Structures are given as C-alpha cells and as structure tokens.
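Asker: Quick note: the sequence shown uses the working numbering, first residue 1, plus one each step.
Even for Gly, the Cβ is constructed at its ideal location relative to N, Cα and C.
Quantities reported herein were computed from a predicted structural model and do not represent experimental measurements.
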Amino acid sequence: MDWTEKYRPSSLSELRGNNKARDKLQEWAETWDEHRKAVVLHGSPGVGKTSAAHALANDMNWPTIELNASDSRTKDVIERVAGEAAKSGTLTAGGGGRRIVILDEADNIHGNADRGGSRAVTSLVKEASQPMVLIANEFYDMSNGLRNACEDIEFRDVSKRSIVPVLRDLCRKEDIEFETEALERIAEMNSGDLRGAVKDLQALADGKDRIVADDVVTGERDTTQGVFDYLDTVIKKAGPEEALKASYDVDETPDDLINWIEDNMPKDYEGEELAVAYDFLANADKWLGRVRATQNYSYWRYAGDNMTAGVAAARRGEKGGWTRYGPPSYWSKLGRSRGTRNKRDYVARKIAAHHGVSMATARREIMPHLAVMTHHCKNRDLTVAMTARYDLDAEHVSFVTGSGKDTNKVQSIVEDAEERKAELAVEHSGGAFEGATAGETSVEGDEDEDEASEEQAQVTLGDSEAAEEDDDEPSPEERADEATDDDQQSGLGDFV
1 MDWTEKYRPS SLSELRGNNK ARDKLQEWAE TWDEHRKAVV LHGSPGVGKT
51 SAAHALANDM NWPTIELNAS DSRTKDVIER VAGEAAKSGT LTAGGGGRRI
101 VILDEADNIH GNADRGGSRA VTSLVKEASQ PMVLIANEFY DMSNGLRNAC
151 EDIEFRDVSK RSIVPVLRDL CRKEDIEFET EALERIAEMN SGDLRGAVKD
201 LQALADGKDR IVADDVVTGE RDTTQGVFDY LDTVIKKAGP EEALKASYDV
251 DETPDDLINW IEDNMPKDYE GEELAVAYDF LANADKWLGR VRATQNYSYW
301 RYAGDNMTAG VAAARRGEKG GWTRYGPPSY WSKLGRSRGT RNKRDYVARK
351 IAAHHGVSMA TARREIMPHL AVMTHHCKNR DLTVAMTARY DLDAEHVSFV
401 TGSGKDTNKV QSIVEDAEER KAELAVEHSG GAFEGATAGE TSVEGDEDED
451 EASEEQAQVT LGDSEAAEED DDEPSPEERA DEATDDDQQS GLGDFV
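1. Pop quiz: A182 and V40 are said to be a contact at Cβ under 8 Å. What is the actual Cβ separation, rounded to whole angstroms?
2. Look up T4 in the DSSP assignment and say whether it is helix, strand or coil.
3. What are the partner residues of V39, as DSSP defines its beta bridges?
4. Excluding sequence positions up to five away, which residues of its chain have a Cβ less than 7 Å from the Cβ of C150?
5. In this structure, does DSSP put L67 in helix, strand or coil?
6. Determine contact between the stretch 41-60 and the stretch 181-196, defined as no fewer than three beta-carbon pairs at a distance below 8 Å.
7. In chain order, which alpha helix (DSSP H) runs of at least 4 residues are fully inside the stretch 254-297?
8. Taking all protein chains shown into account, do 16 or more other C-beta atoms lie within 10 angstroms of the C-beta of D446, making it buried, or fewer, making it exposed?
9. Counting pairs of Cβ atoms below 8 Å between the stretch 306-313 and the stretch 276-288, do you hit three or more?
10. What is the DSSP secondary structure of K245, reduced to helix, strand or coil?
11. So what's D470 in DSSP terms, helix, strand or just coil?
12. Going by beta carbon distance, what residues of the same chain come within less than 6 Å of G145, once the five residues before and after it are set aside?
13. Between the stretch 320-329 and the stretch 288-298, can you find at least three pairs of beta-carbon atoms closer than 8 Å?
14. Measuring alpha carbon to alpha carbon, tell me which residue in H35, S13, E34 is nearest A53.
15. Report yes or no: do the stretch 379-390 and the stretch 408-420 share at least 3 C-beta pairs separated by less than 8 Å?
16. Which residues bound the alpha helix (DSSP H) around L103?
17. On a Cα-Cα basis, can you pick out the residue from H35, Q130, D104 that is closest to P63?
18. Is the beta carbon of S247 closer than 8 Å to that of G289?
19. Do V357 and H396 come within 8 Å of each other at the CB atom, strictly closer than that value?
20. Within its chain, find whatever has a CB closer than 7 Å to the CB of E262; leave out the 5 residues flanking it on each side and keep chain order.
21. In whole angstroms, what is the alpha-carbon distance linking A203 and I211?
22. If you count every other CB in all the chains shown that lies within 10 Å of the CB of A353, and 16 or more means buried, which is it?
23. For the alpha helix (DSSP H) containing G97, list its first residue and its last residue.
24. From which residue to which residue does the alpha helix (DSSP H) around N190 run?
25. Span of the alpha helix (DSSP H) holding S159?
26. M60 lies in the alpha helix (DSSP H); which residues open and close that run?
27. Within a Cβ cutoff of 7 Å, which residues of the same chain sit near L370, ignoring the five residues on either side of it in sequence?
28. Output the boundary residues of the alpha helix (DSSP H) element that contains W300.
29. Would you decide whether P254 is buried or exposed? Buried here means 16 or more other CB atoms lie within 10 Å of its CB.
30. Assuming D209 contacts I176 (C-beta within less than 8 Å), just tell me the rounded distance between them.
31. Who are the Cβ neighbours of D33 in its own chain at under 6 Å, not counting the five residues just before and after it?
32. Is it true that the CB of R147 sits closer than 8 Å to the CB of F139?
33. Near D141, what residues of its chain come up, given a Cβ to Cβ distance below 6 Å and the 5 sequence neighbours on each side ignored?
34. Locate the alpha helix (DSSP H) running through D229, then write down its first and last residues.
35. Any beta carbon from chain B within less than 8 Å of D193's own beta carbon?
36. For P165, count neighbouring Cβ atoms within 10 angstroms of its own Cβ and tell me buried if that reaches 16, exposed if not.
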C-alpha cells in the first residue's frame, strides 16, 4: 500500500511543517459562519495541501465532497456535483449539518478549455452555502475573479528538519532500521516535497529491513510535479489526453522523459500492450532524432504526443497496486545537472517577479521566446536590454542565449547592461541628477542609436504583457514558434 495514503494525517495536529498555514486554515473553518468565503490552499506539490483539507474535515466532523483531476471539469459537472453539495441544506450526520467541498487542481481550470468550468467555479464560490476548499499549485494561474472571491493560504516547501522526523517515524512503524544520514539525504534530495520524500523512502525500503546512506543515490527531484507521480499517471491511470496534459507539468525535457517511461513501463505492461507502447516510443525517438539533427524544437510536440498519449492509449485493462518505479540509468547525470536547473529557476524567478506571472508561465512561455530572440547574442541590443531588464549576470546570460561559458562577448553585454540600467535610473529620477557631469549620467557612444535600441527592446520584451490586454495578439508560444522557424538554432533544450 502507498505509504502516503497509509499514513496520511487524520488531524491537523499531525501535519508536519507549515504551522502558520495550518493555524490559518483552522481559524478559517472555525469562523466560517462569520465570513462564509471559500479558501484556496496553494503551494508546491507534495507540501500537504490536500492532506490538510482532509485532516480539517476530520477535525470539524464535516463530510467531504471531492472533485479532482480524474473528474470531468465542465460547467455541467461542476454545478451538478460540487454545486449541489455547496448550495444544499444540511446532512443528517456530522459537523452541525456542514459538509466541505474540496476542489483539487483549481489552477488547471481554464475557461473555454473546460467549457465554462472556470466561470462555473467562480460563480459557485460566491454562492456556496457550504465551506469550500480549492487546492492549487500555482495561485496566479487561477483567474482574477476566482482569486478575489476566495481567501488564500500559502503552503511553503517543507524544511529538511521537518521531513527527517517524518521519515524516522515511518521507518519505526514499518520496523526498518536506518542510518540518519540516509534519511537526511532523502530529505535533501526532495527539496521541500514531503510526499516525494515518503515515496522515495518506500521505494528504497522495499524488500529491505535496513537502509544506509550508500543506498541513496542523490539527485534533484522535480518540484513542479513529481516524475514518479507522473509515471503512475501515464502508465496506470490516465487516458491519452490527460497523460499528454500531465506531461506539461513535469520538469523534464522529452529527451529525459522518454528514458523515464522506457525504463519503468515494463514493470506494468506486458504482451501486446507492451509491444504497442514500444512502437509509440520508437516513433517518439525518431522525432527526437529530428530535433537533434535540425535543432528545430517544434518537433518536440510530436515526440511528446507519442511517448505520453501513445503509451497511455496502449494500456489494456486497469492497473492497480503500487509499483516501485526508479530513475533511468543516467540518474547521476540528473544530479550533475543541478547547477543548470538552478540557473533556469533563477532566470524564471526574475522574469516572474518583473511581469507578475508564475514561474511556470515564465519557464514555459517567456523564456523560450527570449532564448530564440537572443540566441548566441546575435541580436546584441536586445540581449543587453534583456540583461538589464531582468538584472542578469554573466552565467545567466550565457544560459539563456546558449553561449556556453562566460565569454568575452557575454561579459561586455553585462557591462553594457549595467550602463543601460544607470541611464534608465537617471531618466526616471525626475531630475534628481540634473547638473551632474556627463561622465556621471551617460555613457559613450551614439545616444540616438541607444535610444532606438532601448525602444525596440521595450516593445519586444513587453509582448508578453501586451498579449494579456489584446486578445488579437499572438501568444508567446506562437511567437516562439515563428521565431524558431527563422532561427532553428534556438537552444530551447536547456530549459523548456
């Protein structure tokens, strides 16, 4: 049995980490009659949001009605299932007649794609006569109307010092001896994902009565959506469409993801379904070969279709139970790629803060666009403007542009960006620097050309913001695709 279910907290008092969020959630429930608002629990996967909602229901003795990712998310279903529960009268048992409606993956309901689902949820939380808990990984991926209609509670990543005691307790309950260093390595490897740490511990302890530090192969675990959770979804549970959508949230490139699927698929598939699934993986590998040969990363979509939707479609019958999935043979390579991922996340964080979007949006929509436009620093003025806009240093400019190590060209771009930032500071100072010498307020060169370049960069880098205001403008993905056609050497493989 899956340990994350077997040992799920039955009370908020048993929840590890996020004490402030836990207390706010309890206060929300106890005062619900006064404010009667829904609440959004948001934060990274695996930090305890869903567990907290169910633990709260137990504490308050409220029966639960749950609508999750496996359910249809159309307006009709939401209004029929969740709507009737949220608007109806009392139940005969529990909690003074209250019931709690839990809506998981609230950030994955998007207007037309869910045929009115987003509007239905927004309307529902405003009219509900029962407590509602919405769960989301990315708070700002929800619509403004839905966010404004709810209270919000952020669940932060669980610290290593909170994860280790949980793992220690599980080992004792399962009668498994352990080295403390082994548990510390698991906690460190999962970077705040308590659920991921528990799953890794169970996989490591399978068939053993003792685990030691050398048993733990360190590497960075995905914190957008656990790749182990994804394997369970695509191999056992999801239909083709759902499997494809789930792959968008796995922070692995198609080159890596195909190896995860290939190594673990035979643990659940056999006979005809395994042969069909391998055919789809072979097709995916052909498309990946085209990407490597042409550097045209738009072919990734066809590889993704085959390795996710195709593998899910090959399944014959239901797959139950728990499977011990493991990393592909190059796990150590993933560990060595930590520096690359840190650079990617640093740049995404800068972009997200500047534009007011989520890091996921920055990674998937804005960064590929920038990478194509600034590839190998060929458009120097634009690269300087990007560096200044997001306050990047040399290693991050090299990463975005695909220039490799910190070359002299990259260093000169960073220096020019510093001068550009100084110029902008003077321009926006409201005359505070009037009377300063030319050497203090300007840089050498053709000022007209600099101003024209800055205006061009402002327009180009502002596209992602303008698209939100003008529905007729192409999306960042569409612009990235167009740019890729012009310059196939896009370098998107570093961070998409």
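Answerer: Once the coordinates are examined:
1. Counting from 1 along the sequence shown, the entry for residue 182 is found at position 182. Counting from 1 along the sequence shown, the entry for residue 40 is found at position 40. Contact doesn't hold; Cβ gap of about 36 Å is too wide.
2. Taking the sequence shown and counting its residues from 1, one reaches residue 4 at position 4. Helix at T4.
3. For this step, residue 39 is matched to residue 39 along the sequence shown. Among the bridge pairs identified by DSSP, V39 is matched with V133, E151.
4. Indexing the sequence shown from 1 puts residue 150 at position 150. Once the five neighbours on either side are set aside, the close Cβ partners of C150 are K37, A38, V39, V40, V125, L134.
5. Position 67 of the sequence shown, counting from 1, holds the residue named residue 67. Under the three-state reduction of DSSP, L67 is assigned to strand.
6. As far as the Cβ criterion goes, the stretch 41-60 touches the stretch 181-196, which means the pair count is three or higher.
7. DSSP runs (the alpha helix (DSSP H)) wholly in the stretch 254-297: 254-264, 271-294.
8. Counting from 1 along the sequence shown, the entry for residue 446 is found at position 446. The pLDDT assigned to D446 is 44, lower than 50, so where the model puts this residue is not dependable; a value taken from the coordinates is nonetheless given after this. So D446 counts as exposed.
9. Cβ pair count under 8 Å is three or more, so yes.
10. As a first step, residue 245 is located in the sequence shown; it is residue number 245 there, counting from the start. For K245, the secondary structure class from DSSP, reduced to helix, strand or coil, is helix.
11. For the purposes of this step, residue 470 is taken as the residue at position 470 of the sequence shown. Confidence is the limiting factor: at D470 the pLDDT is only 42, short of 50, which leaves the residue's position unreliable, though a coordinate-based value still follows. Residue state, collapsed to three classes: coil.
12. The count along the sequence shown starts at 1 and reaches residue 145 at position 145. Only residues of its own chain outside the window of five on either side were considered, and among them T122 have a CB closer than 6 Å to the CB of G145, listed in chain order.
13. With a cut-off of 8 Å, the stretch 320-329 and the stretch 288-298 do not count as touching, because too few Cβ pairs lie within range.
14. If you number the sequence shown from 1, residue 53 lands on position 53. Per the Cα distances, S13.
15. Yes, since at least three Cβ pairs between the stretch 379-390 and the stretch 408-420 fall closer than 8 Å, the two stretches touch.
16. Here the question's residue 103 lines up with position 103 in the sequence shown. Segment 100-103 is the beta strand (DSSP E) holding L103; no alpha helix (DSSP H) there.
17. The sequence position of residue 63 within the sequence shown is 63, counting from 1. The option with the nearest alpha carbon to P63 is Q130.
18. Position 289 of the sequence shown, counting from 1, holds the residue named residue 289. Position 247 of the sequence shown, counting from 1, holds the residue named residue 247. The Cβ atoms of G289 and S247 do not sit closer than 8 Å to each other.
19. Taking the first residue of the sequence shown as 1, we reach residue 396 at position 396. Taking the first residue of the sequence shown as 1, we reach residue 357 at position 357. No.
20. Here residue 262 is taken as the residue at index 262 of the sequence shown, counted from 1. Within the same chain, E262 has close Cβ partners L281.
21. Start at 1 with the first residue of the sequence shown, and residue 203 comes out as number 203. Start at 1 with the first residue of the sequence shown, and residue 211 comes out as number 211. Straight-line measurement puts the Cα of I211 at about 11 Å from the Cα of A203.
22. Counted from its first residue, the sequence shown places residue 353 at position 353. So A353 counts as exposed.
23. Here residue 97 corresponds to residue number 97 of the sequence shown, with the count starting at 1. In this chain, G97 is not harboured by any alpha helix (DSSP H), its DSSP state being neither H nor E.
24. Residue 190 sits at position 190 when you count from the first residue of the sequence shown. Annotation for N190: the continuous alpha helix (DSSP H) segment containing it runs 180-190.
25. As a working note, residue 159 is residue 159 in the sequence shown. Note, S159: premise wrong, no alpha helix (DSSP H); not H, not E.
26. The residue you call residue 60 lines up with position 60 of the sequence shown. Per DSSP, M60 is one residue of the alpha helix (DSSP H) stretching across 49-60.
27. Residue mapping note: residue 370 aligns to position 370 of the sequence shown, counting from 1. If we look at L370 and ignore the five residues flanking it on each side, its Cβ neighbours are M386, V400.
28. Your numbering for residue 300 matches position 300 in the sequence shown. Where W300 is concerned, the enclosing alpha helix (DSSP H) stretches over 300-304.
29. Position 254 of the sequence shown, counted from the first residue, corresponds to residue 254. With 16 or more other Cβ atoms within 10 Å, it is buried.
30. Here residue 209 corresponds to residue number 209 of the sequence shown, with the count starting at 1. Here residue 176 corresponds to residue number 176 of the sequence shown, with the count starting at 1. Under the criterion of beta carbons closer than 8 Å, D209 and I176 qualify as touching, at roughly 6 Å.
31. Here residue 33 refers to the residue found at position 33 when the sequence shown is read from its first residue. Nothing meets the Cβ criterion.
32. Within the sequence shown, the letter at position 139 stands for residue 139. Within the sequence shown, the letter at position 147 stands for residue 147. The answer is yes: Cβ separation under 8 Å.
33. Residue 141 sits at position 141 when you count from the first residue of the sequence shown. The residues are D107, S358.
34. Translated into positions along the sequence shown, residue 229 becomes position 229. Run containing D229: 227-232, per the alpha helix (DSSP H) assignment.
35. Here there is only one protein chain, and chain B is not present.
36. To locate residue 165, count along the sequence shown from 1; it is residue 165. Exposed, by the Cβ-count rule.
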